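In the working numbering, the protein residues as written are 118 to 415.
What follows is a set of notes on a single structure, which appears directly below.
This is the structure in structure tokens:
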């Protein structure tokens, strides 16, 4: 998550048994990316779960080549790409033994990503935090699964154990969870951001393309605090997309305008990554037991 995920969050997630990830652009300058990957690699050695690095492949990201070289140095096991599938980048990751998952918001982009060598897909459905699609997870997953049997993660309002189970029932292999980790002790988010996640509900999420030129979900209170009317936001200009600067408005995404998904109503407190992971696991097992009880499953 942009400006939220750092080494402390990633390390805590991996040590808790789940994949932890961070955007390469969170580490500024590039030399800090090298320092972060050194720290993460050392402090997660021996853990079963890998770490991942998110890379924006859009042309406005001038750091793609530099960041890729640092990822190659540390042999990042998992790279998550977005806003532009890139065959050369995918091959570079494969050459050092890594795997690439690509963010997609519809079936057309999914096919392009696989054609260009992505190993797996992250289906970013309606309700996801940050940049998100418009499609129902039911529609998006069933279209992708009609032709793709590789690794598939689902993103969009997944904030508790039952939602993870539902993602698997739809046909996804993994749940891709973002917003709940903002409200953790290890996240780099400011306290006001964490508190807004805890206090918010689905009705506090605004879908707009104003801030980066790409549609995304943002917290209503942060838009109001920036002096804007969340119910009357102008349209953004896709041709002015710039992910190196934080957006196209005076109030910057994600520094001033806070991203969040529609699942925030399930987040009731700021807690440690370990506590949240344990909660998700417990809720998942309880949901599975209920389902088995209703269906007579063994």
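Where a beta carbon is used, it is the ideal one built from N, C-alpha and C, also for glycine.
Everything numeric in this text was worked out from a predicted model, so none of it was measured.
Does the Cβ of residue i have 16 or more other Cβ atoms within 10 Å, making it buried, or fewer, making it exposed?
{"i": "residue 484", "result": "Look at the range of the chain in this structure, 118 to 415, and you will see that residue 484 is not part of it."}
{"i": "residue 389", "result": "exposed"}
{"i": "residue 131", "result": "buried"}
{"i": "residue 176", "result": "exposed"}
{"i": "residue 207", "result": "buried"}
{"i": "residue 255", "result": "exposed"}
{"i": "residue 247", "result": "buried"}
{"i": "residue 179", "result": "exposed"}
{"i": "residue 148", "result": "exposed"}
{"i": "residue 348", "result": "exposed"}
{"i": "residue 309", "result": "exposed"}
{"i": "residue 307", "result": "exposed"}
{"i": "residue 169", "result": "buried"}
{"i": "residue 144", "result": "buried"}
{"i": "residue 227", "result": "buried"}
Looking only at its chain, what residues have a beta carbon closer than 8 Å to the beta carbon of residue i, apart from the 5 residues adjacent to it on each side?
{"i": "residue 215", "result": "188, 192, 193, 194, 195, 196"}
{"i": "residue 399", "result": "278"}
Ordered along the chain, which non-local residues of its own chain (more than five positions away) have a Cβ less than 6 Å from that of residue i?
{"i": "residue 267", "result": "237"}
{"i": "residue 151", "result": "187"}
{"i": "residue 154", "result": "191"}
{"i": "residue 345", "result": "none"}
{"i": "residue 339", "result": "374, 375"}
{"i": "residue 160", "result": "128"}
Pick from the options: whose alpha carbon is nearest that of residue i?
{"i": "residue 324", "options": "312, 337, 315, 316", "result": "337"}
{"i": "residue 333", "options": "311, 343, 351, 376", "result": "376"}
{"i": "residue 174", "options": "149, 167, 183", "result": "183"}
{"i": "residue 351", "options": "329, 137, 153, 240", "result": "329"}
{"i": "residue 157", "options": "257, 124, 135", "result": "124"}
{"i": "residue 141", "options": "166, 198, 222, 235", "result": "198"}
{"i": "residue 264", "options": "280, 286, 149, 231", "result": "231"}
{"i": "residue 118", "options": "398, 322, 378", "result": "378"}
{"i": "residue 171", "options": "210, 227, 159", "result": "210"}
{"i": "residue 313", "options": "259, 285, 260, 382", "result": "382"}
{"i": "residue 220", "options": "261, 285, 277, 340", "result": "261"}
{"i": "residue 354", "options": "341, 228, 327", "result": "327"}
{"i": "residue 243", "options": "258, 145, 391", "result": "258"}
{"i": "residue 253", "options": "160, 145, 284, 167", "result": "284"}
{"i": "residue 301", "options": "322, 226, 225, 387", "result": "387"}
{"i": "residue 335", "options": "322, 233, 341, 403", "result": "322"}
{"i": "residue 212", "options": "228, 227, 224, 185", "result": "185"}
{"i": "residue 122", "options": "311, 159, 305", "result": "305"}
{"i": "residue 404", "options": "159, 286, 225, 339", "result": "286"}
{"i": "residue 251", "options": "229, 224, 228", "result": "224"}
{"i": "residue 241", "options": "273, 229, 233", "result": "273"}
Measure the CB-CB distance between residue i and residue j and report whether it falls below 9 Å.
{"i": "residue 317", "j": "residue 245", "result": "no"}
{"i": "residue 331", "j": "residue 384", "result": "no"}
{"i": "residue 271", "j": "residue 289", "result": "yes"}
{"i": "residue 298", "j": "residue 393", "result": "yes"}
{"i": "residue 137", "j": "residue 127", "result": "yes"}
{"i": "residue 235", "j": "residue 218", "result": "yes"}
{"i": "residue 278", "j": "residue 319", "result": "no"}
{"i": "residue 269", "j": "residue 239", "result": "yes"}
{"i": "residue 162", "j": "residue 391", "result": "no"}
Spatial neighbours of residue i within its chain, please: C-beta separation below 7 Å, excluding the five flanking residues on both sides.
{"i": "residue 201", "result": "174, 175"}
{"i": "residue 281", "result": "275, 292, 397, 401"}
{"i": "residue 165", "result": "134"}
{"i": "residue 409", "result": "none"}
{"i": "residue 120", "result": "143, 305, 371, 372"}
{"i": "residue 341", "result": "347"}
So does residue i have its beta carbon nearer than 8 Å to some heavy atom of the ligand COA?
{"i": "residue 284", "result": "This structure simply doesn't include the ligand COA, nor any ligand for that matter."}
Worksheet item: Curious, which full-length alpha helix (DSSP H) runs of at least 4 residues does the region 174-255 contain?
Response: 181-190, 204-212, 224-232
Which whole runs of the alpha helix (DSSP H) in the region 263-303 are 4 residues long or more, in chain order?
278-287, 296-299
* Asked: If you scan the region 384-409 from start to end, which runs of the alpha helix (DSSP H) of 4 or more residues do you find wholly inside it?
  -> none
Uninterrupted beta strand (DSSP E) stretches inside the region 118-173 (no shorter than 3 residues):
137-140, 168-173
To test your reading of the DSSP string, which unbroken beta strand (DSSP E) runs of 3 or more residues are found completely within the region 303-330? 322-325
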